[in-house]
Amino acid sequence: SPLQSQPSPLQSKPQAVVTFPGELVSMLSDLELAEAEAEARTGSKQVALGKALRRMQKQLGLEETGQLDAGTLEAMRAPRCGVPDVGT
Amino acid sequence: FLTFEGDLKWDHMDLTYRVINYSPDLDRAVIDDAFKRAFKVWSDVTPLTFTQIYSGEADIMIMFGSREHGDGYPFDGKDGLLAHAFPPGQGIQGDAHFDDDELWTLGAGLVVKTRHGNAGGADCHFPFVFEGRSYSRCITEGRTDGLPWCATTASYDRDKKYGFCPSELLYTNGGNSDGSPCVFPFVFDGTSYDTCTTDGRSDGYRWCATTASFDRDKKYGFCPNRDTAVTGGNSQGDPCVFPFTFLGQSYSACTSEGRQDGKLWCATTSNYDTDKKWGFCPDRGYSIFLVAAHEFGHSLGLDHSSVREALMYPMYSYVQDFQLDPDDVQGIQYLYGEQPRRSRACWGSRGAGPAPSLTPCPRSGRGSGPEPTAPAPVPTEEPQPMPTEAGSTSTTEEEEETPEPTSEPVPVDPSRDACAEKDFDTITEINGELHFFKDGKYWTLSSLWKSGIQGAFSMADSWPGLPAVIDAAFQDVLTKRIFFFAGRQFWVFSGKSALGPRGIEKLGIGKGAGRIAGALQRGRGKVLLFSGESYWRLDVKVQRVDKGYPRATDDVFTGVPLDARNVFLYQDKYHFCRGSFYWRMTPRYQVDRVGYVKYDILQCP
Chain A
54 SPLQSQPSPL QSKPQAVVTF PGELVSMLSD LELAEAEAEA RTGSKQVALG KALRRMQKQL
114 GLEETGQLDA GTLEAMRAPR CGVPDVGT
Chain B
12 FLTFEGDLKW DHMDLTYRVI NYSPDLDRAV IDDAFKRAFK VWSDVTPLTF TQIYSGEADI
72 MIMFGSREHG DGYPFDGKDG LLAHAFPPGQ GIQGDAHFDD DELWTLGAGL VVKTRHGNAG
132 GADCHFPFVF EGRSYSRCIT EGRTDGLPWC ATTASYDRDK KYGFCPSELL YTNGGNSDGS
192 PCVFPFVFDG TSYDTCTTDG RSDGYRWCAT TASFDRDKKY GFCPNRDTAV TGGNSQGDPC
252 VFPFTFLGQS YSACTSEGRQ DGKLWCATTS NYDTDKKWGF CPDRGYSIFL VAAHEFGHSL
312 GLDHSSVREA LMYPMYSYVQ DFQLDPDDVQ GIQYLYGEQP RRSRACWGSR GAGPAPSLTP
372 CPRSGRGSGP EPTAPAPVPT EEPQPMPTEA GSTSTTEEEE ETPEPTSEPV PVDPSRDACA
432 EKDFDTITEI NGELHFFKDG KYWTLSSLWK SGIQGAFSMA DSWPGLPAVI DAAFQDVLTK
492 RIFFFAGRQF WVFSGKSALG PRGIEKLGIG KGAGRIAGAL QRGRGKVLLF SGESYWRLDV
552 KVQRVDKGYP RATDDVFTGV PLDARNVFLY QDKYHFCRGS FYWRMTPRYQ VDRVGYVKYD
612 ILQCP
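Residue numbers (this note's numbering), protein chains in the order written: chain A, 54 to 141; chain B, 12 to 616.
In structure tokens:
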């Protein structure tokens, strides 16, 4: 039968975190990223993210909160078809 | 469902498709089979037919590519965008493109189809045991020629069944060498190569020469991905090299060391520290079958649906036992009509296996191909309460709150099958059971008792004095009285005692309204009555519609058919029926399901 050895505490070693070449890493928060994206597209900081989010949430059958909530972020990060949901 | 603007569709039913190139992730036969099954999803429910051609211009040209691949709509590397397709038409229209930076599988991890050996081309069985050791990838152990192989059963030691894994040493894809294997080393542009390379190409595909000198012979082919091929990173398609060195340590398997996201990775040379070449180890990948079925929906003219269960919902999710959602069926049949053959096969095939297993599939393609619904819903406001009309009166009988007890109905015609009815005059929930009325009979269905459909019962026995055909009914949640509507008349039943008929103008519904199609209870004492494209809010206690009505149904109930035959509340959701179908709407006015009345609600076989 297997030896009944006492579990020994794991030897914790400092985890080295490496920046892998070729990997895109964003240091922006979700909201900053969304606002930066909107600003890049419209050339203005005065963007109504809430309205756009509601529209997208409706389109995707999500709860219409107008916020970057967990469900919305999950949908935004999900793998998806590249055909735009809304033209232009 | 949605169609593209202008209802773009093919003007012929016998469509052709051509696969321009293949992903190195999967065997060509597996991809061909997946595409064939993906087209069958649609041909099973429409008159459309799909034929693969191997040269010339097909209606639907299919290709794999990455990043910018020639159409101005670049892909984005691993994950994110998976594929796209263009609506029907000439040229690029109708074509489907798949992002080859994804790992294409059948959705549940690598599928390693073997060649040669003695297993008839069966898939590898991971893990398998060879000489007492367990392996979860193709190995070269036991051979001197470097060809990777695997067992096709759990134990090579016991069964001796094996085959060779994809390898450039065995064959190449495409190119101009008829599948000949790579020759290493080979010379390209004066440089010697002893592995597949992406040099000389801008699309990232790995290739090799099939003679000792490409410069001289110009013979080449594309390298198939090995089972250990990485995705992403900076050496897409290259195999992991084990063992490899990372931060001075040696690794003989994929690791998540060095990462915070837990993703497994490997080096593609023997030393990451010096070469910095790496990629992610194979994961479950994306089902080429499921994604292709979705994209072909676009190729045929369907836009994205907001029904999450629909194939045409824009986000990917893996399902093992794929079945087309009624929303998809409605969409495609709106464009092309129904499948004319009555004895068609079912598409209930497994998404995870290359060979379709046809199973009986009673929901397939039935129905009458309804008219399109309104465009995608837009945010609307909750209907606001309005003060009731001044001077409204109530009658003594309307104050009665204790209905007479009713005796249990006895089926008058058990042989009359609700499932055989084409549609119903009225559907409504009474005492927690759905009631389906048709021509003087009715059936009941309890979601609580799971007893199936009961009936047919006689309406005359339960509610004497009603006409055989009624248009709508609802039960007042407070008094339990039941309101029936037929034409422009209505009755109020308390047990078997009736008041009526009275004209609906007594309720404040003008002469312009026709039949009442249905009713939705709105909390205590309020009921919405639907007629034509309008609805009224009835104050049940005073039996008068509120001021500010009628309102346009489309303003609030966006996305449901405006000419619904039945409207009713069931399990706290609004249901609008037309033809064989129902649209289910949440209290937040989002259509969350389109389905069949018979199969989804009545649970008919």
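Virtual Cβ for every residue (Gly too), placed ideally from N, Cα, C. Values in this document were obtained by computation on a predicted structure and should not be read as measured data.
In the DSSP assignment, find the alpha helix (DSSP H) that holds residue i and state where it starts and stops.
i	result
residue 619 of chain B	In this structure chain B extends from 12 to 616, so residue 619 of chain B is not present and cannot be described.
residue 286 of chain B	283-286
residue 592 of chain B	Where residue 592 of chain B is concerned, there is no enclosing alpha helix (DSSP H), although the beta strand (DSSP E) it sits in stretches over 592-596.
residue 565 of chain B	564-567
residue 105 of chain A	102-112
residue 227 of chain B	225-228
residue 657 of chain B	The structure shown does not extend to residue 657 of chain B, since chain B is modelled only from 12 through 616, so no value can be given for it.
Just to make sure I have the definition right: I need the residues of chain A whose C-beta is within less than 7 Å of the C-beta of residue i. Which are they?
i	result
residue 287 of chain B	74
residue 297 of chain B	132
So is residue i in contact with chain A if we call contact Cβ pairs under 8 Å?
i	result
residue 325 of chain B	yes
residue 315 of chain B	yes
residue 269 of chain B	yes
residue 79 of chain B	no
residue 119 of chain B	no
residue 319 of chain B	yes
residue 309 of chain B	yes
residue 358 of chain B	Confidence at residue 358 of chain B is low in this model, with a pLDDT of 34, below 50, so the placement of that residue should be treated as unreliable; the coordinate-derived value is given next. So, not an interface residue.
residue 91 of chain B	yes
residue 305 of chain B	yes
residue 258 of chain B	yes
residue 104 of chain B	no
residue 182 of chain B	no
What do you get for residue i, buried or exposed, if any count of 16 or more other CB atoms within 10 angstroms of its CB means buried?
i	result
residue 440 of chain B	buried
residue 596 of chain B	buried
residue 232 of chain B	buried
residue 493 of chain B	buried
residue 179 of chain B	buried
residue 609 of chain B	buried
residue 212 of chain B	exposed
Would you mind reading off the limits of the beta strand (DSSP E) that contains residue i?
i	result
residue 127 of chain A	Premise fails: residue 127 of chain A lies in the alpha helix (DSSP H), 123-130, not in any beta strand (DSSP E).
residue 203 of chain B	202-204
residue 540 of chain B	537-542
residue 438 of chain B	437-441
residue 532 of chain B	529-532
residue 260 of chain B	260-262
residue 507 of chain B	Counting along the chain, residue 507 of chain B falls outside any beta strand (DSSP E), and DSSP gives it neither H nor E.
For residue i, does the three-state DSSP call read helix, strand or coil?
i	result
residue 152 of chain B	coil
residue 30 of chain B	strand
residue 346 of chain B	helix
residue 218 of chain B	strand
residue 72 of chain B	strand
residue 488 of chain B	coil
residue 45 of chain B	helix
residue 66 of chain B	coil
residue 374 of chain B	Model confidence at residue 374 of chain B stands at a pLDDT of 31, short of 50, so the residue's coordinates are unreliable and nothing is read from them.
residue 21 of chain B	coil
residue 169 of chain B	helix
residue 500 of chain B	strand
residue 608 of chain B	helix
residue 515 of chain B	helix
residue 86 of chain A	helix
residue 137 of chain B	coil
Could you tell me whether any Cβ in chain B is nearer than 8 Å to the Cβ of residue i?
i	result
residue 112 of chain A	yes
residue 138 of chain A	yes
residue 135 of chain A	yes
residue 89 of chain A	no
residue 128 of chain A	yes
residue 123 of chain A	no
residue 101 of chain A	no
residue 69 of chain A	yes
List the residues of chain A whose Cβ lies closer than 9 Å to the Cβ of residue i, in chain order.
i	result
residue 86 of chain B	135
residue 603 of chain B	114
Looking at the C-beta of residue i, does it have a partner C-beta in chain C at a distance below 8 Å?
i	result
residue 244 of chain B	Any reference to chain C falls outside this structure, whose protein chains are A and B.
Mind listing the chain A neighbours of residue i? Cutoff is C-beta to C-beta under 8 Å, in chain order.
i	result
residue 94 of chain B	134, 135
Please compile the residues from chain B whose C-beta is within a distance smaller than 8 Å of the C-beta of residue i.
i	result
residue 105 of chain A	Per Cβ cutoff of 8 Å: no residues; residue 105 of chain A is ~12 Å from chain B at best.
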